[in-house]
Each structure stands twice: as C-alpha cells, then as structure tokens.
Amino acid sequence: MYDFLRKNGLQKKKYVIQHFFDHPYTSTIDSSNKPKNSKTINLIDKFSNSDYINQWSSSDIKLKLYGARIDHSISNNPNVELAGQKSDPALLAELRQTGGFGFAWSQDEYSHLHPSYIVSTYLAAGIPVIVSDTSPIAEKIKEKKLGIVTTSLEEIAEKISILSDKQYEDMIKNTDKFSKLIQNGYFTKKVLIDSVMKDNFE
1 MYDFLRKNGL
11 QKKKYVIQHF
21 FDHPYTSTID
31 SSNKPKNSKT
41 INLIDKFSNS
51 DYINQWSSSD
61 IKLKLYGARI
71 DHSISNNPNV
81 ELAGQKSDPA
91 LLAELRQTGG
101 FGFAWSQDEY
111 SHLHPSYIVS
121 TYLAAGIPVI
131 VSDTSPIAEK
141 IKEKKLGIVT
151 TSLEEIAEKI
161 SILSDKQYED
171 MIKNTDKFSK
181 LIQNGYFTKK
191 VLIDSVMKDN
201 FE
C-alpha cells in the first residue's frame, strides 16, 4: 500500500505498516478444542458468490459458506454447505469446531494492497488460512506458518488433499499463538507505538 501511495502522490516519508487487522474478542475460546484437518474450506460472506464457488467440483474437499448474501442456488452443489449468518462469538466458535482452513481470495487490485479483515477473523478463531501469493500478507503467512499460500485457485484442493494431520497440527500450534495477539489488539497497539516512536525519534 505504501508503494502505491507514493506512486500516486504521497509526499510524507515517515510511515508505519500494520500487517494484520485485529479482531477484538472478549469471550473465551476453548483452546482445548483443537481444530481438525477436516478437509474443509470455510468462506465468509463476500467470497461466497464467485464463479469459483459455483463451479466447485471436488468431492474430497467441502466448502462451508457463511453470510447473509449467499446465492442459494449454490445449495444444489452437494460439496457445498450453507452455514448462514452468525454472530461473532458463534462464528468464531463454529470456525474452530469445523476446522480446516479459512479462505480469503480476491482478484481486485485493492485487495492486493492491504490485509483482509476476514483473514484476521479466521486467525482469531485459530484456524489456518489460504491466501494468494499476491496478497500483501503472503510472506507473513509463509514465515509464521499460518496457512497455505498458493499461486492459483486450481491448486488449492490438491494442496489440502495432500496435507498430513501432523502438518496441520503444526499450523494449529502457530495459529493458536497468533490468535491471542489478534484477539487482544496487539497489531493496533503496535502500530500506534511505532507511530509515536517514528514521529518523535526519527
């Protein structure tokens, strides 16, 4: 995003980057209820009406869609489950109970410039995510081992199919640690502190 703003006229040279949105959550998530490698892809709201979903044909990987704006013609697909709209506590609990992965993929230019709040929803629930290699957080997801980074939609089902339970459990250890940061506002606090330090001491 910073590079884009500079190319389009931003003059200020001091800047800080917030890599993830927080997802404040005051209720208790049952950390003993570990997500399972359920071969499920969870999709929240805005991703649920794409052609990719309508054409989903993998019988080994289930899609579970959340949100109020879902095209219900999708329900004719036996590999797709419609979960409807949930309150925040119910959504996070169900994501964790369902396991699998959270899906955050968009082709528009803006989504390639900033992190997705929906990614933080998945991570707050403690489940790993699937993002494009063009996502601004792709390197962080790789580095922290928080999910799968892929170059195309077509290879997602294959990557999930060959993922072992041990590999998935290792991801869950990482997402459980990371979820506490997101739930407790760490990234907002960090960017505020970084802003004060940069403004006063650089």
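Under full-length UniProt numbering, the letters of the sequence shown match residues 1 to 202, in that order.
Ideal Cβ positions, reconstructed from N, Cα and C, are used throughout, including at glycine.
Exercise for the section: Using alpha carbons as the reference points, say which of A157, V196, I141, K145 lies closest to Q55. Expected result: What you label residue 55 is simply residue 55 of the sequence shown in a count that begins at 1. Selected option, being the one with the closest Cα: A157.
Practice task
Reducing DSSP to helix, strand and coil, say where E81 ends up.
Solution key: As a working note, residue 81 is residue 81 in the sequence shown. Of the three classes helix, strand and coil, the one that applies to E81 here is strand, per DSSP.
Practice task
Measure the alpha-carbon distance for A90 versus V149 and round it to whole angstroms.
Solution key: Along the sequence shown, one-based indexing puts residue 90 at 90. Along the sequence shown, one-based indexing puts residue 149 at 149. Cα to Cα, A90 sits roughly 27 Å from V149.
Exercise for the section: Go to I127, then tell me how far its alpha helix (DSSP H) extends in each direction, as first and last residue. Expected result: Your numbering for residue 127 matches position 127 in the sequence shown. First-last for I127: undefined, no H or E at that position.
Problem - Short Cβ contact (8 Å threshold) for T175 with I130 - result: Taking the sequence shown and counting its residues from 1, one reaches residue 175 at position 175. Taking the sequence shown and counting its residues from 1, one reaches residue 130 at position 130. Their beta carbons are not under 8 Å apart, which means T175 does not touch I130 by this criterion.
Handout entry: Through-space distance from E202 to D165, alpha-carbon basis
Key = As a position in the sequence shown, residue 165 is number 165, starting the count at 1. As a position in the sequence shown, residue 202 is number 202, starting the count at 1. Straight-line spacing of the CA atoms in D165 and E202 works out to 47 Å.
Practice task
Starting from the C-beta of K34, find all residues in its chain whose C-beta is less than 7 Å away, skip the five residues before and the five after it, and write them out in chain order.
Solution key: Here the question's residue 34 lines up with position 34 in the sequence shown. Excluding sequence positions up to five before and after K34, its CB lies within less than 7 Å of the CB of I172, all in the same chain and listed in chain order.
Problem - DSSP-derived helix/strand/coil call for Y25 - result: Here residue 25 refers to the residue found at position 25 of the sequence shown. Of the three classes helix, strand and coil, the one that applies to Y25 here is coil, per DSSP.
Problem - Extent of the continuous beta strand (DSSP E) to which I44 belongs - result: Working through the sequence shown from its first residue, we reach residue 44 at position 44. Note, I44: beta strand (DSSP E), 40-44.
Handout entry: Environment of P78 [buried if 16+ CB atoms lie within 10 Å]
Key = Position 78 of the sequence shown, counted from the start, is the residue given in the question as residue 78. P78 is exposed by the Cβ-count criterion.
Problem - Boundaries of the alpha helix (DSSP H) in which T175 is found, first to last residue - result: Taking the sequence shown and counting its residues from 1, the one referred to as residue 175 is at position 175. Note, T175: alpha helix (DSSP H), 165-183.
Practice task
Keeping to the same chain, check which residues put their C-beta closer than 7 Å to that of K159; ignore five residues upstream and five downstream.
Solution key: For the purposes of this step, residue 159 is taken as the residue at position 159 of the sequence shown. Excluding sequence neighbours, K159 sits near I148, T150.
Practice task
Write down the C-beta distance between Y66 and I44 rounded to the nearest angstrom, noting that I regard them as a contact closer than 8 Å.
Solution key: Your numbering for residue 66 matches position 66 in the sequence shown. Your numbering for residue 44 matches position 44 in the sequence shown. That pair is a contact at about 5 Å.
Handout entry: CB of N37 within 8 Å of CB of Y122, strictly
Key = Numbered from its first residue, the sequence shown carries residue 37 at position 37. Numbered from its first residue, the sequence shown carries residue 122 at position 122. Cβ atoms of N37 and Y122: not closer than 8 Å.
Practice task
Would you kindly check if the distance between the Cβ of S120 and the Cβ of H23 is under 8 Å?
Solution key: By 1-based counting over the sequence shown, the position of residue 23 is 23. By 1-based counting over the sequence shown, the position of residue 120 is 120. The answer is yes: Cβ separation under 8 Å.
Handout entry: Where the beta strand (DSSP E) through I148 begins and ends
Key = By 1-based counting over the sequence shown, the position of residue 148 is 148. I148 -> beta strand (DSSP E) spans 147-150.
Practice task
Would you grab the beta carbon distance between T134 and T40 for me? Rounded to a whole angstrom, and I think it's under 8 Å.
Solution key: Stepping through the sequence shown from its first residue, residue 134 is reached at position 134. Stepping through the sequence shown from its first residue, residue 40 is reached at position 40. With 8 Å as the limit, T134 and T40 do not qualify as a contact, their Cβ atoms being about 24 Å apart.
Practice task
Taking F178 and K142 to be in contact with their CB atoms under 8 Å, please state how far apart those CB atoms are, rounded to whole angstroms.
Solution key: Your numbering for residue 178 matches position 178 in the sequence shown. Your numbering for residue 142 matches position 142 in the sequence shown. The Cβ separation is near 13 Å, so there is no contact.
Problem - alpha helix (DSSP H) segment containing Y186, residue limits - result: Counting from one through the sequence shown, the residue named residue 186 turns up at place 186. That run of the alpha helix (DSSP H) goes 186-201.
Practice task
Compare the beta carbon distance of I137 and F20 with 8 Å and say whether it is the shorter of the two.
Solution key: Residue 137 sits at position 137 when you count from the first residue of the sequence shown. Residue 20 sits at position 20 when you count from the first residue of the sequence shown. Yes.
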